[in-house]
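Residue numbers (our numbering), protein chains in the order written: chain A, 410 to 669; chain B, 548 to 803.
Even glycine gets a Cβ: it sits at the ideal position worked out from N, Cα and C.
Keep in mind the model is a prediction, meaning the values are calculated, not measured.
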């Protein structure tokens with residue numbers, strides 16, 4: 410039997426290496442898919458909450474949006490305002506007891522992480538949208554764009570860029586916080602570590618390894634997101650393009666007739 | 548699109564603003580503004596800060612909703628017909644004091660996006676049109692630059708090219724040089740001057756009195772939300788009829 414700390418660590422890695430790897434994969438899968446779906450939910454909710462309403466819009470349209478917004482606001486408040494560990498219990502056992510749906514713990518976990526992240530992302534997206542100065546919206550309107558076009562071409566690309574750090578935050582939080590899903594027996598990293606630790610009663614050594622794995626995952630993810638942000642920003646400099654008027658024989662109104 | 552020959556034909560009425568009233572809350576900003584814009588007009592709107600000049604321009608483009616009044620374009624009241632709003636806006640371009648370029652796009656994309664997305668043009672065609680107008684404002688070399696890499700004057704010239712690219716019938720300019728330092732003001736004014744020479748119909752809110760005197764075919768003097776005087780540049784500067792116009796002009800020309 411191993412004696413020193415490092416011997417134990419080495420031994421446990423040999424014994425449970427595959428288990429740790431499996432747990433890490435499940436954790437990462439849950440966190441990434443939950444964050445992605447959460448972002449999509451957040452994007453929709455955030456956009457729906459920032460659609461402008463005008464006093465001369467029809468009463469039907471206005472009351473429809475008002476109802477929708479109330480529901481969305483309730484969703485955000487509810488899921489932001491309760492702990493994920495409790496949500497997991499309610500969703501997993503509730504669905505079984507009340508609706509007789511026997512979903513796998515993994516799916517229940519995925520659902521909880523997504524919906525939870527969505528609630529946070531909704532507010533983040535809303536913040537991202539209102540952080541883009543109104544001037545650009547006005548300029549987009551002034552060249553005839555409708556709300557959908559100005560959102561998809563001008564506002565959202567910039568808003569998404571601006572909220573990238575927050576998306577990264579959420580992803581990292583999710584990697585760590587999926588550990589609470591052990592209460593519904595999702596076989597993620599923490600759950601498997603606990604069972605591994607129990608076999609030899611080596612809690613410190615096992616959770617030292619678990620700790621290292623969590624850190625490696627979050628650190629890698631944070632570096633990866635920084636790289637994505639850099640890519641989104643594009644090149645720092647630009648090259649001048651020599652302009653040859655002879656290569657551009659069309660007058661201002663020529664294009665209306667179509668190509669050459 | 549018909550050729551614009553000022554003086555050959557009787558100029559056609561492009562825009563007609565009738566009894567425009569605008570409240571911000573309880574404050575009445577514009578009090579019954581009415582005037583017509585004819586093809587080829589270069590109208591400079593002058594007046595003290597806070598007199599409602601910018602609001603007037605923004606109302607014409609419907610960025611501000613009018614409290615009451617009509618804007619007649621092409622025989623139709625565009626205020627009542629909200630459905631055609633985006634179509635109307637492609638006919639009435641706007642240049643802003645703060646440029647408002649789309650920061651996520653290059654110079655070329657800024658000028659192309661309206662053509663591709665709004666007018667549904669082919670990308671190659673849109674690119675040529677955009678290049679044509681960028682060349683006109685002297686920015687064709689910078690097509691790959693992002694807005695944050697440009698100086699103020701360059702940004703404003705791109706903004707002008709962007710507005711021109713969709714080939715509006717009227718160009719509204721809301722203090723296009725007010726956010727620029729003196730050196731850059733010159734390059735933007737030069738572009739505006741050449742556009743005026745080409746016969747583009749423009750409505751310019753400006754504090755550049757010398758420029759207005761030089762370029763405008765008509766001057767509208769606004770004070771406290773009313774049009775005090777609307778006359779040819781020649782008459783306004785040499786024989787102002789209203790005492791208020793006289794006072795304003797002497798104030799701004801002395802300080803210059």
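Within its chain, find whatever has a CB closer than 8 Å to the CB of residue i; leave out the 5 residues flanking it on each side and keep chain order.
{"i": "residue 765(B)", "result": "588, 589, 590, 591, 777, 778, 779, 780"}
{"i": "residue 554(B)", "result": "Because the pLDDT at residue 554(B) is just 49, under 50, the model does not fix this residue reliably, and the point stays unresolved."}
{"i": "residue 668(B)", "result": "662, 676"}
{"i": "residue 695(B)", "result": "650"}
{"i": "residue 665(B)", "result": "633, 637, 713"}
{"i": "residue 661(A)", "result": "Its pLDDT being 42, under 50, residue 661(A) is placed unreliably by the model, and the measurement read from it follows with that caveat. Within the same chain, residue 661(A) has no close Cβ partners at all."}
{"i": "residue 595(B)", "result": "770, 795"}
{"i": "residue 411(A)", "result": "417, 419, 420"}
{"i": "residue 611(B)", "result": "569, 602, 605"}
Please identify the residue among the options whose C-alpha is closest to the C-alpha of residue i.
{"i": "residue 525(A)", "options": "451(A), 634(A), 468(A)", "result": "451(A)"}
{"i": "residue 681(B)", "options": "696(B), 705(B), 599(B)", "result": "705(B)"}
{"i": "residue 443(A)", "options": "647(A), 616(A), 577(A), 646(A)", "result": "577(A)"}
{"i": "residue 571(B)", "options": "580(B), 613(B), 585(B), 687(B)", "result": "613(B)"}
{"i": "residue 582(B)", "options": "561(B), 700(B), 687(B), 597(B)", "result": "561(B)"}
{"i": "residue 692(B)", "options": "648(A), 632(A), 600(A), 612(A)", "result": "648(A)"}
{"i": "residue 641(A)", "options": "651(A), 568(A), 551(A), 432(A)", "result": "568(A)"}
{"i": "residue 700(B)", "options": "739(B), 785(B), 715(B), 748(B)", "result": "739(B)"}
{"i": "residue 574(A)", "options": "630(A), 558(A), 539(A), 541(A)", "result": "630(A)"}
{"i": "residue 463(A)", "options": "472(A), 421(A), 456(A)", "result": "472(A)"}
{"i": "residue 584(A)", "options": "628(A), 547(A), 560(A), 609(A)", "result": "628(A)"}
{"i": "residue 591(A)", "options": "625(A), 554(A), 521(A), 558(A)", "result": "521(A)"}
{"i": "residue 648(B)", "options": "625(B), 708(B), 796(B), 768(B)", "result": "708(B)"}
{"i": "residue 532(A)", "options": "621(A), 483(A), 650(A)", "result": "483(A)"}
{"i": "residue 454(A)", "options": "599(A), 530(A), 554(A), 506(A)", "result": "530(A)"}
{"i": "residue 597(B)", "options": "747(B), 768(B), 655(B)", "result": "768(B)"}
{"i": "residue 660(B)", "options": "495(A), 605(A), 507(A), 551(A)", "result": "551(A)"}
{"i": "residue 650(A)", "options": "626(B), 609(B), 630(B), 687(B)", "result": "687(B)"}
{"i": "residue 478(A)", "options": "457(A), 542(A), 541(A)", "result": "457(A)"}
{"i": "residue 599(A)", "options": "611(A), 609(A), 616(A)", "result": "616(A)"}
{"i": "residue 730(B)", "options": "618(B), 792(B), 679(B), 698(B)", "result": "698(B)"}
So, under 8 Å CB-CB, residue i and residue j are touching, yes? Tell me the CB distance rounded to an integer number of Å.
{"i": "residue 690(B)", "j": "residue 653(B)", "result": "6 Å"}
{"i": "residue 753(B)", "j": "residue 564(B)", "result": "In fact, because the Cβ distance is near 18 Å, the residues do not count as touching under 8 Å."}
{"i": "residue 497(A)", "j": "residue 593(A)", "result": "5 Å"}
{"i": "residue 595(A)", "j": "residue 515(A)", "result": "6 Å"}
{"i": "residue 710(B)", "j": "residue 640(B)", "result": "4 Å"}
{"i": "residue 602(B)", "j": "residue 578(B)", "result": "Not really, about 11 Å apart at Cβ, beyond 8 Å."}
{"i": "residue 604(B)", "j": "residue 719(B)", "result": "5 Å"}
{"i": "residue 772(B)", "j": "residue 575(B)", "result": "6 Å"}
{"i": "residue 432(A)", "j": "residue 561(A)", "result": "Not a contact, Cβ separation roughly 39 Å."}
{"i": "residue 356(A)", "j": "residue 436(A)", "result": "One cannot answer for residue 356(A) here, as it falls past the ends of chain A, which runs 410 to 669."}
{"i": "residue 493(A)", "j": "residue 589(A)", "result": "6 Å"}
Ignore the nearest five residues each way along the sequence and tell me which others in residue i's own chain have a CB closer than 6 Å to its CB.
{"i": "residue 644(B)", "result": "721, 722, 725, 726"}
{"i": "residue 563(A)", "result": "545, 549"}
{"i": "residue 527(A)", "result": "447, 450, 451"}
With a threshold of 8 Å between beta-carbons, can residue i be considered close to chain C, or not?
{"i": "residue 463(A)", "result": "Reference to chain C is not applicable here, since the protein chains of this structure are A and B."}
Based on the DSSP secondary-structure assignment, which residues constitute the bridge partners of residue i?
{"i": "residue 638(B)", "result": "Note: residue 638(B) sits in no beta bridge, so no partner."}
{"i": "residue 721(B)", "result": "752(B)"}
{"i": "residue 583(B)", "result": "563(B)"}
{"i": "residue 562(A)", "result": "Its beta-bridge partners do not exist; DSSP assigns none."}
{"i": "residue 569(B)", "result": "577(B)"}
{"i": "residue 773(B)", "result": "770(B)"}
{"i": "residue 608(B)", "result": "Partner(s): none; residue 608(B) has no beta bridge."}
Who are the near neighbours of residue i in its chain, counting only those whose CB is closer than 7 Å to its CB and skipping five residues on each side?
{"i": "residue 788(B)", "result": "776"}
{"i": "residue 763(B)", "result": "589, 590, 591, 780"}
{"i": "residue 519(A)", "result": "439, 442, 443"}
{"i": "residue 799(B)", "result": "756"}
{"i": "residue 620(B)", "result": "562, 635, 638"}
{"i": "residue 760(B)", "result": "780, 784"}
{"i": "residue 558(B)", "result": "585, 586, 587"}
{"i": "residue 663(A)", "result": "Per-residue confidence for residue 663(A) stands at a pLDDT of 42, beneath the threshold of 50, marking its modelled position as unreliable; the derived number appears in the next sentence. No residues qualify anywhere along the chain."}
{"i": "residue 758(B)", "result": "736"}
{"i": "residue 428(A)", "result": "601, 605"}
{"i": "residue 505(A)", "result": "511"}
{"i": "residue 786(B)", "result": "none"}
{"i": "residue 609(A)", "result": "none"}
May I ask whether a heavy atom of the ligand GTP can be found less than 7 Å away from the beta carbon of residue i?
{"i": "residue 552(A)", "result": "As presented, the structure is devoid of all ligands, the ligand GTP included, so that no description of it is given."}
Can you list, in chain order, the residues of the segment 560-572 of chain A whose Cβ is nearer than 8 Å to any Cβ on chain B?
Listed by position along the chain: 562, 563, 566, 567, 570.
Could you list the residues in the segment 544-557 of chain A with a C-beta less than 9 Å from some C-beta on chain B, going in chain order?
Against chain B - using a Cβ distance shorter than 9 Å - the residues of the segment 544-557 of chain A are 544, 545, 546, 547, 548, 549, 550, 551, 552, 553, 554, 555.
What residues in the segment 633-645 of chain A have a beta carbon less than 8 Å from any beta carbon of chain B?
Result list: 643.
Using Cβ-Cβ distances below 9 Å, what residues of the segment 564-577 of chain B are close to chain A?
Going along the segment 564-577 of chain B in chain order, one finds no residue with a Cβ nearer than 9 Å to chain A.
Residues of the segment 728-747 of chain B with Cβ closer than 7 Å to any Cβ of chain A, in chain order
Taking 7 Å as the cut-off between beta carbons, none of the residues of the segment 728-747 of chain B comes near chain A.
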